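Take a look at the structure below.
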Amino acid sequence: MIDLVFAHPYPKRSRANRILLNAVRDISNLDVRSLYDIYPDFGIDVESEQAALLSAKLVVWQHPLYWYTAPGLMKHWFDKVLARGWAYGEGGSALHGKLCQWVVTTGGDQEAYSATGMHAFNFESFVPVMRQTAEFCGMKWLEPIVVHNAHRVSDKELHAVGRDYRKKLISLATEAQELVVHG
Amino acid sequence: MAEHGLLVDAFVYLAATVIFVPIASRLKLGSVLGYLVAGCIIGPWGIKLVENVESIMHFAEFGVVLMLFVIGLELDPRRLWAMRRAVFGGGGLQLLLSSVPLFGVAMLLGLHWQAALVASLSLALSSTAIVVQTMNERNIQATPVGRTTFSILLFQDIAAIPLIGLVPLLSDQASSESGGPVWLSALKIIAAIAAVVVVGLYATRPTLRFVAKIDSRELFTAFTLMLVVGIALLMSFVGVSMALGAFLAGVLLASSEYKHALETDIEPFKGLLMGLFFIAVGMSINFGLLSTAPLLVLGLLAAVVGFKLVMLRLFAPLFGVSKVQGILFGSLLSQAGEFAFVVFGVAREARILPGNWDAILTLVVALSMATTPLLLVLHDFLAARKTTASKREADVIDSELAPVIIAGFGRFGQIIGRLLFASGLTATVLDHDPDQIELLKPFGFRVFYGDATRLDLLHSAGAGRARAIVVAVDGVDECLEIVDIVRANFPALTIVARARNVTHYIELRKRGVTIIERETFEAALALGRKTLESLGVSPYEVKERSDRFRRHNIAMLEAILPHMADASKRVSLARQAREELEEQFRREQQLLARPESAGWRLDLDDADDSEEAAE
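Each protein sequence line maps, in turn, to chains A and B.
1 is the number of the first residue of the first sequence in our numbering; add one for each residue after it.
1001 is the number of the first residue of the second sequence in our numbering; add one for each residue after it.
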């Protein structure tokens, strides 16, 4: 199972995220949980979110970058779902050994994310928060898929990224499946 | 032989009903006309299957009594009190407006003033039986026209009592031995009404409880019928209209827990006897007399129906009825009623009406009852032409918008409509109440006046092309009927439904509706949040609690759904709702008791601390 946690407040207006999501959404055993669609009032159902995570081997976090991190509801999801005693702390081992794939789109280009650019830091400087969140919960962090310049990049390029994204998820899922079979 | 005669008669009536009523309904003429035609055909002037019209009529009047009892059950004393101005003001006005021109006509025809007075007053009264049956079939009782009309009918039922008492007083012969002094009969009436009130308020409910406990359905039905028959007899004994007495008894039982059970038990008897009553009216149409004096009879008929209709149409605004609805209003009340039969009978005995005038007037009354369904068909035809004419102008906008139909634009549907409007969408609105929706037209809403349970209306409202229908009508039965019709005829239309309560919610879920909101749940939850906040619990924590409560509550409803499918229909709705409430309490208790919800119990000490800190 793949648990794809997707956070975009206006999913129908997002070109980049829509193309990426459409590239993978029909993979078998993949469960897309579009947080803003399920919890428009921010009332996250913690039990069902945790159940979805438990049944997955691979966890995907896909969202646009808002203020150098995840959109508000996704952050709220971290706060509520990755609870102490469940995801970390004493008895908190629910996510141990799962794989974590981060898929993020940004508005700026490479140049903006540099010491001299408008964001003053290179993109890699903003990764540790996400990465440590996953690793603190015992998940294995995979190389992120990052789409810069999401407003201007062409459909063609987005579809190309989408194809790679799809291939990666399928191969990771097969790998995880084999792990289950052999392990 | 006698029993056979009874069975043969019963068979004739039932067969006539089964044959003619469906034909009339199919032709959209209303069942009343079907019964009337059936009566004409089987009666003494038709194929003579039945001869004894008067005794049948007398028996069938009990249908009107049962009908008034059922109406009374729907009106508790408080609602009745609120209607007092409409009843006495509107009713008095109608009687005045209708009887004055008819009095003039009677004087012109050379009748004595006493005869003219009796004739004009009794012809001014309308037929409760015909009007209520017609309003039920058209589902317009709850509209302003329906409410005003009903108030007037109620006044007429009351006014008939002094009118019947007045007749002997006007007689030259002054045969006072029949009645006795006026104060004595007034005293009798007051005593009888007091007896009904006392019995209705104090004795009936315990008795009903006792009878219901025995748990025999026939016994309950028998008791109910006995109650109504008893009241009717008592009332006719003291000279009050039986129907009025039954109405009073109904009102007194309106707030009792047996209201629905009484209604269900009486319903079939009421329906059949009402049918018999209309058949009897049909049978009493004297075609012999019609052929000997056609001009006089038809002229009188035109005068009665014409004046009653036109006066109400002209003065409709005085009754709080909009001008558009004036014709419907006038047509509904245009016929003369069953009280006229009684009054003419009394007048004949008191020798007030000369010659064969009582027969002529009785014939006019019966004919006027038959004109009402025809007038209404005509009204529908004209109204439909008007709407198609005005619809043509709107058609252009039509095709591109109104993705939503809102059925029921009361306090609830209105908010939905306003949210859509604020989002740049217009909706097609279906409602009974023309005054309330009049205000919508300037804002580009397409408004259809009428009953959303009618398939043709849904068609013309564009249900075939719309995306969603919001069913926000007040009545549970009406709502479910609309849902059934939409599911059967417009399967692509998304149904969004307002549920009045849990029972309604479950009925909707059983029909596969998934988008449902209970009308009070969210508002109560919001106020519950504010209650907790006022105790000092932090607002966000309160929000999470209410989110969780909602989720739990909905899951619980979904869990009990399969068990509700086979619930016996016999269980009264009120009892069913009560059981569901108990079940909800039990399950919410379990939520608290679950080990993983240890933190769910609210510790109010926090709140106390914060208060101390504040001091």
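For every residue, glycine included, the Cβ atom is placed at its ideal position computed from N, Cα and C.
Small disclaimer: the values here were computed from a predicted structure and weren't measured.
{"Check": "Proximal chain B residues relative to A/G43, where beta-carbon distance stays under 9 Å", "Outcome": "K1543, E1544, S1546, D1547, R1548, R1550 and R1551"}
{"Check": "Outcome for B/K1386 when other beta-carbon atoms lying within 10 angstroms are tallied against a minimum of 16", "Outcome": "exposed"}
{"Check": "Residue from B/F1020, B/S1122, B/P1562 and B/A1024 whose Cα sits closest to the Cα of B/F1339", "Outcome": "B/S1122"}
{"Check": "Residue of B/P1403, B/V1404, B/G1475 and B/F1341 minimising C-alpha distance to B/E1054", "Outcome": "B/F1341"}
{"Check": "Backbone secondary structure at B/S1546 - three-state DSSP", "Outcome": "helix"}
{"Check": "CA nearest to the CA of B/L1508, picked from B/L1480, B/G1528, B/G1245 and B/T1017", "Outcome": "B/L1480"}
{"Check": "Straight-line Cα distance separating A/L158 from A/R15", "Outcome": "9 Å"}
{"Check": "Contact with chain B by A/Y10, beta-carbon distance below 7 Å", "Outcome": "no"}
{"Check": "Helix, strand or coil at B/P1354 [DSSP, three-state]", "Outcome": "coil"}
{"Check": "Identity of the residue in B/V1064, B/F1210, B/A1559 and B/A1497 nearest B/A1468 by Cα", "Outcome": "B/A1497"}
{"Check": "Under the three-state DSSP convention, the category B/E1582 falls into", "Outcome": "helix"}
{"Check": "Cβ pair A/V59, A/C100 closer than 7 Å", "Outcome": "yes"}
{"Check": "Contact check, B/V1131 vs B/L1272, beta carbons under 7 Å", "Outcome": "no"}
{"Check": "Residues that A/P64 bridges to, as DSSP identifies them", "Outcome": "A/T105"}
{"Check": "According to DSSP, residues forming a beta bridge with B/R1446", "Outcome": "B/T1428"}
{"Check": "Assigned exposure category for B/Q1589 - 16 Cβ within 10 Å defines buried", "Outcome": "exposed"}
{"Check": "B/I1140 - containing beta strand (DSSP E), residue span", "Outcome": "Run containing B/I1140: none; DSSP gives neither H nor E here."}
{"Check": "CA nearest to the CA of A/A173, picked from A/D26, A/K57, A/D41 and A/A23", "Outcome": "A/K57"}
{"Check": "Environment of B/G1072 [buried if 16+ CB atoms lie within 10 Å]", "Outcome": "buried"}
{"Check": "Span of the beta strand (DSSP E), counted from its first residue to its last, around B/I1515", "Outcome": "I1515 to R1518"}
{"Check": "Beta strand (DSSP E) segments (min. 3 residues) lying fully within the stretch 1262 to 1318 of chain B", "Outcome": "none"}
{"Check": "Reference B/Y1505, options B/G1464, B/G1475 and B/L1493, closest by Cα", "Outcome": "B/G1475"}
{"Check": "Alpha carbon of A/V5 to alpha carbon of A/W61, nearest angstrom", "Outcome": "5 Å"}
{"Check": "Residue environment, A/K12, which counts as buried when at least 16 other CB atoms sit within 10 Å", "Outcome": "exposed"}
{"Check": "Three-state secondary structure assigned by DSSP to A/I44", "Outcome": "coil"}
{"Check": "Neighbourhood of B/I1352 by C-beta distance below 7 Å, restricted to the same chain and skipping five residues each side", "Outcome": "Q1114, A1115, V1118, V1167, L1170 and S1171"}
{"Check": "Beta-carbon proximity of B/A1463 to B/I1482, cut-off 7 Å", "Outcome": "no"}
{"Check": "Where the alpha helix (DSSP H) containing B/D1076 begins and where it ends", "Outcome": "That residue, B/D1076, is in no alpha helix (DSSP H); it is neither H nor E in DSSP."}
{"Check": "Neighbourhood of A/R131 by C-beta, 7 Å cutoff - its chain only, sequence neighbours within 5 removed", "Outcome": "W141"}
{"Check": "B/G1250 burial status per 10 Å Cβ neighbour count (16 or more: buried)", "Outcome": "buried"}
{"Check": "Per DSSP, cross-strand counterpart(s) of A/V32", "Outcome": "A/L4"}
{"Check": "Span of the beta strand (DSSP E), counted from its first residue to its last, around B/T1494", "Outcome": "T1494 to A1499"}
{"Check": "Residues near B/T1149 by beta carbon distance below 8 Å, same chain, minus five either side", "Outcome": "V1131, M1135, F1329, L1332 and L1333"}
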